[in-house]
Each structure stands twice: as C-alpha cells, then as structure tokens.
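Engineer: In UniProt numbering, the protein residues as written are 1 to 421.
Glycine included, each C-beta is placed from N, C-alpha and C at the ideal position.
Input: one structure, supplied below.
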C-alpha cells in the first residue's frame, strides 16, 4: 500500500511537471517581475521566416588555407555584427566561401559594400596614438602558454613592426595597448615587459576557441584578402509572415493527428505516450533556445519529422507489448517484455537516422545544415522520452492500477486462458 502511494505521488508529480513546462513554454508567464517568455518570442527565425538578405562571399584567391578562410569569416562576422542587426549568422561553405545571413534587412547593396572592404587593424596606446597596423604583423596564432598554462595568442612582427613595438612596449610597461579592428576594440592586454625580439604574446585567459577567434581577427586585419559577392538573395518579410503561421498550423494539425492515432490504437498506454511526446516537444524547443538554433522552414520540417521518430519508438514498444498480452502474459510482464524486445529495433533505427543527419551536416550547407542539426537534436531527445519517460509513465500507471485492463492497451482478446507471470 505504501509503495502504491509513492508510485501514485511520483506519477502525479511527473505529469504536473510536464504540464507546467508545456504551459510555460507555449504561453509564458510573469512571476514577481520576472518574465518567462514563450517559445515563439525567444526562438531565432531564419530568413525564410522573417525576411532579410543572404550574401555568399568568395575569397578572390586561387589557393586558400583553412586559417585564411577562418580569418576571413571572423572579419566578415565582425563587419556583419556592426550592421546593428541581431541574430546575424556567418558560416563557411566549401574551401573559400563565407555565407552571411542578415535577417530583417532589405538593402543588399549596403550590406555587400560593407562586407567587401578590407580590414583595418590598429594597435593603440593608452592615449589613442597608433602604434602598429596590419602591415606590421606577420602572423597571429593561438597557442599554449608554456609558463603559466592556458592559452594565448602569439604574434610575429616584421622588421618595421618589431622596432615600433619595442619602443611602445618600453614606454607603456604596466599599461594597456588596445587592439582595434575597424575601430572596434577586440582586446586590451597589459604590457608586462618591453618586447624587442619581434615575437610577442597576448594573454587572454580565454579558451582555445576564443584565442583562435582573436588570432583570426588579427590575421584578417593583418592579411586582408579580397572578397566578392557571388550570390545575393533577398527574402521578403511577407513570405515569413505567411510561412511561419502556416507552418505552426501544419505542426499543430500533425501533432493532433498523432495524438489521436495513439489514443485510438493504444488507449491509456497511448495517453502515456502522448504525455511523453508533449515533454519531447517542450525539451526540443528548450534546447533550440539554449543552443541558439535558428529555425528555418527546413528546420521545422526536421522537427516535425523527429516527432514521427519519437512516436515510432512508442509504437514499436506498444506493438510488442500487445503481442505479449495476446500470448497470455500478465500486464506487468507484458509491459516489461515489450519494452525489452523493442529496444534493439528502436536503437538501430535511431542510430541510422542520426548517422544520416551527421552526413548531411558535414557535406551540406545553409538550410541543409539547419535541417541536420534540428534532426540530430530531435533524435537524441526522442530516445530519452521514448525509451525512458514513456516506460516510466506506463510502469507507474500499471503499478497504481490506472492501467489494469487489456482494453487499456487496445487489446480485445488473448490466446487461451493461461496467463504467464
């Protein structure tokens, strides 16, 4: 009796938590001056859902190294962010192309003109005088700090830069020399000692990726590469106004039909699956928000596809459970065996889909990458809700007697009268 009471409390608690998360995610609420925003207010939308400009820039050089491509990307990203538009997306494509998606803007000429300018790198002293320019820098590289550990950016200067830097660092020991790219400060390290050998290091106390980014910015100003817009696409905001609401309606109808199908075929067991599916939808959208996924029409298609994948795991389990019930096993034994028998099929199908999405991500570009990322996130979360949450809810339902009849599983008769434990 005590065990049944604990199971009942846990069952109610899980459903209450899922219900609260669903309400908070789709409706939002305000509590004590703190606002929990609904998903439609916080999920980033791609150009096809809100309009904007997509520019594909190509480096005008025959051979481009990965470092040069990354440097160009960081430089273009900095320029794109200076346009004053939030949620600008900058990605590399192929060996020498960079795509910039600028949502909410329509003046493509202004954007292209801003992006194709060469970088302007400058090292400035405390009083604002210019010490070094991009022409004085040979190379910047992210590296390990050999003395204190951690990561830093190493600088190599040419002969003229070496002389200028020696004079400046001797003058400003204990003070900051700030680094600017296109008049925007990207670092302001303190001079610890005079540097005379033409080799310096910038201690950032950041991660390896952060140091790579800073090195890329310095290189993009020190070694500006000519770029050209090879493709400019304008997406009208009117399309997004129509596309997004229609996508939401299609999603609601699709999910509603899935819910009805599960209830019709699997009754109370199907109800548990629907509750787990609700959690799946909420968790997936939460991950989209936290990761910063930009939702596009292909991304919405992938999201709806993963809902089908999540349901498929439940269907495999429930059909195996029905088979065991028809053989005469008790409800508790059938639920356990059904879950065990379906496990390998569920894992195999999901791993296959996950591998396919990984291939799409690495060889695809633009919307294809967005589709792949959305698909991967959905598959991973669907495995959690399909294999764990649904199983727990059904087991608790059986334990407390909420699910205690063959009809609760959509089974009308069994073979013979014998029941197996």
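(1) Which ranges does the beta strand (DSSP E) cover as unbroken runs of at least 3 residues, wholly within the UniProt domain "SecDF P1 head subdomain" (129-224), from first to last along the chain?
(2) Under the DSSP definition of a beta bridge, which residues are partnered with residue 103?
(3) I'd like the list of long-range same chain contacts for residue 216, defined as Cβ closer than 6 Å, with 5 residues on each side in sequence excluded.
(4) Please classify residue 246 as buried or exposed, where buried requires at least 16 neighbouring CB atoms within 10 angstroms.
(5) Let me confirm a value: residue 134 is counted as buried when at least 16 other C-beta atoms fall within 10 Å, else exposed. Which label applies?
(6) Leaving aside the five residues before and after residue 54 along the sequence, list all residues of the same chain whose C-beta is less than 6 Å from its C-beta, in chain order.
(7) Could you say which of 342, 294, 243 and 194 lies nearest to residue 90 if we only look at CA atoms?
(8) What first and last residue would you give for the alpha helix (DSSP H) that runs through residue 314?
(9) Over what stretch of residues does the beta strand (DSSP E) that includes residue 63 continue unbroken?
(10) Within the same chain, show all residues whose beta-carbon is closer than 8 Å to that of residue 350, passing over the 5 residues directly before and after it, in chain order.
(11) Applying the 10 Å Cβ sphere with the 16-neighbour rule, what's the burial state of residue 9?
(12) Can you tell me whether residue 43 is helix, strand or coil according to DSSP?
(13) So, for residue 126: in the same chain, excluding its five sequence neighbours on each side, which residues have a beta-carbon less than 7 Å away from its beta-carbon?
(14) Quick check on this structure: which residue in 400, 150, 95 and 359 has the alpha carbon closest to the alpha carbon of residue 7?
(15) By a C-beta neighbour count over all protein chains shown, 10 Å radius and 16 as the cutoff for buried, is residue 340 buried or exposed?
(16) Applying the 10 Å Cβ sphere with the 16-neighbour rule, what's the burial state of residue 4?
(17) Count the C-beta pairs between the segment 403-414 and the segment 13-23 that are closer than 8 Å, then say yes if the count reaches three, no if not.
(18) Comparing C-alpha positions only, which one of 298, 386, 103 and 78 sits nearest to residue 311?
(19) Check whether the segment 296-309 touches the segment 252-261, taking contact to mean three or more Cβ pairs, one atom from each stretch, closer than 8 Å.
(20) Anyone know if the C-beta pair for residue 202 and residue 178 falls short of 8 Å?
(21) Less than 8 Å between the C-beta atoms of residue 160 and residue 182, yes or no?
(22) Under 8 Å between the Cβ atoms of residue 229 and residue 112?
Structural biologist: With the structure as the only source:
(1) 130-133, 137-144, 151-157, 178-181, 184-187 and 199-203
(2) 52
(3) 70, 71 and 74
(4) exposed
(5) buried
(6) 47, 101 and 233
(7) 294
(8) 297-326
(9) Counting along the chain, residue 63 falls outside any beta strand (DSSP E), and DSSP gives it neither H nor E.
(10) 309, 313, 379, 382 and 383
(11) exposed
(12) coil
(13) 172, 175 and 176
(14) 400
(15) exposed
(16) exposed
(17) no
(18) 386
(19) yes
(20) no
(21) no
(22) yes
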